[in-house]
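Everything below concerns the one structure shown next.
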Amino acid sequence: MNPDVVVVGAGAAGLAAAVSLAEAGLACHVVEQNDRPGGTTAHAVGSICVCLPPPDGDDSIEDFLADTARFLPADAAHLVPADLRHLLARTSGETLGWLRALGVPLTGPYPEHPHRRPRLYATAPDGRSFIWWLLRRAHQLGVTITCGARVTRLLRHGARVAGVRAGGVDLRGRVATVLACGDFAANDDLKARYLTPAAATSPAVNPTSRGDGLALGRSVGAAWRNMGTAFAPQLRFVARTGPPADEWSPALFTAGQAAGRVIPGPAGGGADEVRASGWAAMPRAYMAPAAEDAALILDTGELIRVPGAVDRVAATASRTAYLLLDSRWLPGGEYPDRRISSAPTMGFARLADYRAARPDLVRDARDVEAVAALVGVPAERLAGHLAGGPSWKPPYVLVGPARPVVTVTEGSLAVDDHLRVLSGDGTPIPGLFAAGAAGQGGLLLLGHGLHLTWALTSGRAAAHAIAARAAGEGGTA
Ligand SMILES: Cc1cc2nc3c(=O)[nH]c(=O)nc-3n(C[C@H](O)[C@H](O)[C@H](O)COP(=O)(O)OP(=O)(O)OC[C@H]3O[C@@H](n4cnc5c(N)ncnc54)[C@H](O)[C@@H]3O)c2cc1C
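Note that the numbering used here has the sequence shown beginning at 32, numbered continuously upward.
Rendered as structure tokens:
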């Protein structure tokens with residue numbers, strides 16, 4: 032039997048939409064190209080960034096909008112659609128409450144410069160947590176999820192989009208179709224056409240982010256927004272090799288116990304088989320205040336300051352760099368509490384957290400010769416570069432390797448604040464909605480946690496819009 036709504040993609044956005052549609056009483060069928068749900072969401076650290084205005088908090092939507100805008104380059108701020116930013120600010124707090132009610136473990140809020148108040152929440156073990164808890168609820172509500180079926184066409188009924196063709200089979204949605212099929216981080220043609228050479232030649236963390244939503248939308252006249260803006264590539268520490276580990280989890284578990292409740296992990300559900308990549312961020316925002324006290328070592332032996340470094344790393348033969356810290360980062364030094372990156376479970380991780388959770392990335396070196404040997408560069412060359420910078424104080428610590436990768440792209444289908452997909456002339460395409468990265472609508476989501484917050488929030492918002500139209504407009508959207 033045909034469902035009310037067909038959702039393309041079983042990442043955070045698609046599953047949030049499916050659960051919300053089912054909660055509203057609509058029959059929903061999710062179609063996923065891969066053999067299991069997860070998408071890029073299952074590779075994510077798992078941070079979300081939330082605005083909690085009254086009655087649940089004392090944040091203000093205006094402050095949230097102003098603070099998130101401070102992450103953006105000045106020349107990009109005008110590209111961001113005000114209605115979608117407002118939707119994100121207005122509904123992210125409700126999304127937090129909804130996630131908690133589903134059982135998603137979330138700690139925080141954690142502060143993040145330049146936010147003027149703490150807004151970042153972390154889950155455990157990582158982005159897979161959202162997938163697992165959403166799948167659990169979807170199963171309870173009777174949502175159908177078909178994996179291993181790539182959508183290759185949108186079906187029309189007159190001007191309306193009326194379903195999809197997936198794996199050679201037509202699946203019609205009585206009320207609406209939602210594109211929640213992620214970004215184009217792994218689409219070499221689109222990357223070459225729209226992004227910088229460094230981004231275009233860097234691999235995607237998720238090799239199945241092919242940008243199908245863009246092509247499917249365009250086939251029915253949808254417009255694309257901000258294709259040329261991507262905060263990519265980013266430097267990320269390499270994935271842990273060997274069996275997946277819930278490496279960042281103990282702290283959250285302890286926090287849960289302290290709060291008097293035991294937090295069940297994903298084991299035993301569906302998403303425990305979804306392997307997270309273990310990539311960890313090394314965002315320049317966090318290294319910037321420490322720019323005089325840390326550097327990246329390239330395979331040439333050159334030392335470079337972290338801000339703006341990623342294109343330099345992408346231009347080297349090995350496309351590999353190590354973060355160099357010195358004794359000031361060790362216990363008893365000046366910076367043991369400085370953050371190196373965002374992290375699951377605890378929001379942000381310091382050197383001590385990396386030692387505990389990713390010991391495979393941390394190497395101690397008593398002097399320049401030891402550093403040079405670990406990186407594989409001539410000691411004299413490294414010593415020359417070290418002498419030219421601030422006064423380093425041995426012993427040293429190397430963290431890495433890190434490589435330039437494309438985590439996400441920002442360009443997407445144009446949508447309005449009901450998540451209706453818009454055609455070139457700005458009119459909604461009947462029956463077609465988009466959410467998450469596929470339905471980013473021109474939003475530029477720089478700053479931790481905003482992509483997942485948008486995925487979850489826009490998935491819910493699309494569902495609410497579809498349910499409202501189904502109830503009020505004779506059953507179609
Ligand atoms: C290493 C890493 C860490 C990150 N950490 C964070 C973080 O901590 N916080 C944050 O906010 N953001 C983070 N992000 C970004 C965030 O994970 C993504 O922006 C977000 O998960 C996108 O969700 P989505 O549901 O839109 O897409 P996805 O999660 O990618 O889901 C899309 C789904 O659609 C499926 N699909 C695609 N095409 C088709 C088709 N034709 N037919 C059927 N199915 C299809 C895909 O297989 C996929 O399962 C991170 C990203 C990476 C790579």
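Positions of the beta carbon are idealized from the N, C-alpha and C atoms, including for glycine.
Count Cβ pairs between the stretch 469-476 and the stretch 441-454 that sit closer than 8 angstroms; are there 3 or more? yes
For His-188, which of helix, strand or coil comes out of DSSP? Along the sequence shown, one-based indexing puts residue 188 at 157. Reduced to three states, the DSSP call for His-188 is strand.
Determine the extent of the beta strand (DSSP E) in which Pro-461 is found, giving its start and end residues. Here residue 461 is taken as the residue at index 430 of the sequence shown, counted from 1. Taken as a continuous stretch (DSSP letters only), the beta strand (DSSP E) holding Pro-461 covers 459-465.
From the DSSP output, which residues share a beta bridge with Gln-265? As a first step, residue 265 is located in the sequence shown; it is residue number 234 there, counting from the start. Beta-bridge pairing links Gln-265 to Val-436.
Shorter than 7 angstroms, the distance from the beta carbon of Ala-469 to the closest heavy atom of ligand 1, or not? Locating residue 469 in the sequence shown gives position 438, counting from the first residue. Because some heavy atom of ligand 1 lies under 7 angstroms away, the Cβ of Ala-469 counts as near it: yes.
Compare the beta carbon distance of Cys-82 and Asp-90 with 8 angstroms and say whether it is the shorter of the two. Here residue 82 refers to the residue found at position 51 when the sequence shown is read from its first residue. Here residue 90 refers to the residue found at position 59 when the sequence shown is read from its first residue. Yes, Cβ-Cβ distance for Cys-82 and Asp-90 is below 8 angstroms.
Residues sharing a beta bridge with Ala-492, DSSP: As a working mapping, residue 492 is identified with position 461 in the sequence shown. None, per the DSSP bridge assignment.
Close beta carbons around Leu-413, own chain, < 8 angstroms, minus the five adjacent residues each side: Mapped onto the sequence shown, residue 413 falls at position 382. Ile-328, Gly-332, Leu-334, Val-399, Val-402, Ala-403 and Val-406.
Could you check where the alpha helix (DSSP H) with Phe-379 kicks off and where it finishes? Residue numbering aside, residue 379 sits at position 348 when the sequence shown is read from its first letter. No alpha helix (DSSP H) holds Phe-379; the beta strand (DSSP E) holding it covers 378-381.
At the level of alpha carbons, what is the spacing between Arg-306 and Glu-365? Numbered from its first residue, the sequence shown carries residue 306 at position 275. Numbered from its first residue, the sequence shown carries residue 365 at position 334. Bear in mind that the predicted position of Arg-306 carries a pLDDT of just 29, short of 50, making it unreliable; the figure below should be weighed with that in mind. Going by the C-alpha atoms only, they are around 37 angstroms apart.
Taking the beta strand (DSSP E) that Asp-395 falls in, what are its first and last residues? Translated into positions along the sequence shown, residue 395 becomes position 364. Run containing Asp-395: 393-396, per the beta strand (DSSP E) assignment.
Cβ neighbour criterion (16 or more within 10 Å) applied to Val-509: There is no way to answer for residue 509, as the model of the chain reaches only from 32 to 508.
Assigned exposure category for Met-32 - 16 Cβ within 10 Å defines buried: Here residue 32 corresponds to residue number 1 of the sequence shown, with the count starting at 1. The residue in question, Met-32, is exposed, as its Cβ has fewer than 16 Cβ neighbours within 10 Å.
Please determine whether the Cβ atom of Gln-171 lies at a distance below 7 angstroms from any heavy atom of ligand 1. In the sequence shown, the residue the question calls residue 171 occupies position 140. No, since every heavy atom of ligand 1 falls outside the 7 angstroms radius drawn around the Cβ of Gln-171.
Assuming the contact rule is C-beta atoms closer than 8 angstroms, Leu-166 and Pro-68 should be a hit. Round their C-beta distance to whole Å, please. Against the sequence shown, residue 166 aligns to sequence position 135. Against the sequence shown, residue 68 aligns to sequence position 37. Correct: roughly 6 angstroms between the Cβ atoms.
Mind the definition here: the stretch 449-466 touches the stretch 475-493 only if three or more C-beta pairs lie below 8 angstroms; say whether that holds. yes
With DSSP collapsed to three states, give me the class of Pro-274. Counted from its first residue, the sequence shown places residue 274 at position 243. Confidence at Pro-274 is low in this model, with a pLDDT of 46, below 50, so its placement is unreliable and no value can be given for it.
Just mark Leu-130 as buried or exposed, buried being the case when its beta carbon has 16 or more other beta carbons within 10 Å. Looking up residue 130 in the sequence shown gives position 99. It is buried - the Cβ of Leu-130 has at least 16 other Cβ atoms within 10 Å.
Endpoints, beta strand (DSSP E) assigned at His-449: Locating residue 449 in the sequence shown gives position 418, where the first residue counts as 1. Looking at the DSSP string, His-449 is not in any beta strand (DSSP E), and its letter there is neither H nor E.
Best match in Ala-120, Thr-260, Ala-345 and Ala-153 for proximity to Tyr-225 [C-alpha to C-alpha]: Locating residue 225 in the sequence shown gives position 194, counting from the first residue. Per the Cα distances, Thr-260.
Does at least one heavy atom of ligand 1 sit under 7 angstroms from the Cβ of Cys-1? Outside the displayed range of the chain (32 to 508) lies residue 1, so it cannot be described from this structure.
Under three-state DSSP, which class holds Trp-279? The residue you call residue 279 lines up with position 248 of the sequence shown. Any reading at Trp-279 must be qualified, since the residue scores a pLDDT of 45, below 50, and its modelled position is unreliable; no value is offered.
Judging by CA-CA distance, which residue of Met-377, Thr-72 and Leu-392 is the nearest neighbour of Leu-355? Locating residue 355 in the sequence shown gives position 324, where the first residue counts as 1. When each option's Cα is compared against that of Leu-355, the closest is Leu-392.
Can you tell which of Pro-390, Arg-369, Cys-178 and Cys-59 has its C-alpha closest to the C-alpha of Asp-357? Taking the sequence shown and counting its residues from 1, one reaches residue 357 at position 326. Checked all of Pro-390, Arg-369, Cys-178 and Cys-59; the closest Cα to Asp-357 is Arg-369.
Just to check my reading of the structure: Gly-213 and Ser-240 have Cβ atoms closer than 8 angstroms, yes? What is that Cβ distance to the nearest angstrom? Start at 1 with the first residue of the sequence shown, and residue 213 comes out as number 182. Start at 1 with the first residue of the sequence shown, and residue 240 comes out as number 209. Contact holds; Cβ gap of about 5 angstroms.
So, Thr-177 versus Glu-63, is the Cβ gap smaller than 8 angstroms? The residue given as residue 177 occupies position 146 in the sequence shown. The residue given as residue 63 occupies position 32 in the sequence shown. Against a cut-off of 8 angstroms, the Cβ pair of Glu-63 and Thr-177 comes out as a contact.
In the DSSP output, what is Gly-194 paired with across the bridge? As a first step, residue 194 must be located in the sequence shown, where it is residue number 163. Paired residues: Leu-186 and Arg-203.
Could you check where the alpha helix (DSSP H) with Val-39 kicks off and where it finishes? Numbered from its first residue, the sequence shown carries residue 39 at position 8. Note, Val-39: premise wrong, no alpha helix (DSSP H); beta strand (DSSP E) at 36-39.
According to DSSP, which residues form a beta bridge with Cys-80? Within the sequence shown, residue 80 is the residue found at index 49, counting from 1. For Cys-80, which the question treats as bridged, DSSP gives the partners Leu-151.
Any 3 or more C-beta pairs closer than 8 angstroms across the stretch 45-60 and the stretch 217-234: no
What three-state label does DSSP hand Thr-260 in the structure shown? For the purposes of this step, residue 260 is taken as residue 229 along the sequence shown, with counting starting at 1. Looking at Thr-260 - three-state DSSP - the assignment turns out to be coil, as it is neither helix nor strand.
Own chain residues within Cβ distance below 7 angstroms of Pro-425, not counting five before or after: Locating residue 425 in the sequence shown gives position 394, where the first residue counts as 1. Within the same chain, Pro-425 has close Cβ partners Asp-357, Ser-358, Arg-397 and Asp-398.
Under 8 angstroms between the Cβ atoms of Val-195 and Asp-243? Start at 1 with the first residue of the sequence shown, and residue 195 comes out as number 164. Start at 1 with the first residue of the sequence shown, and residue 243 comes out as number 212. Result no, Cβ atoms of Val-195 and Asp-243 do not sit closer than 8 angstroms.
If you check the beta carbons only, do Gly-467 and Trp-485 fall under 8 angstroms apart? Position 436 of the sequence shown holds residue 467. Position 454 of the sequence shown holds residue 485. Result yes, Cβ atoms of Gly-467 and Trp-485 sit closer than 8 angstroms.
So, at 7 angstroms on beta carbons, what are the nonlocal neighbours of Ser-160 in its own chain, with the 5 sequence-adjacent residues on each side left out? Along the sequence shown, one-based indexing puts residue 160 at 129. The answer, listed in chain order, is Gly-77, Val-135, Pro-136, Thr-154 and Pro-297.
CA-to-CA distance, Cys-59 to Asp-330, given in whole angstroms: The residue you call residue 330 lines up with position 299 of the sequence shown. The residue you call residue 59 lines up with position 28 of the sequence shown. Going by the C-alpha atoms only, they are around 51 angstroms apart.
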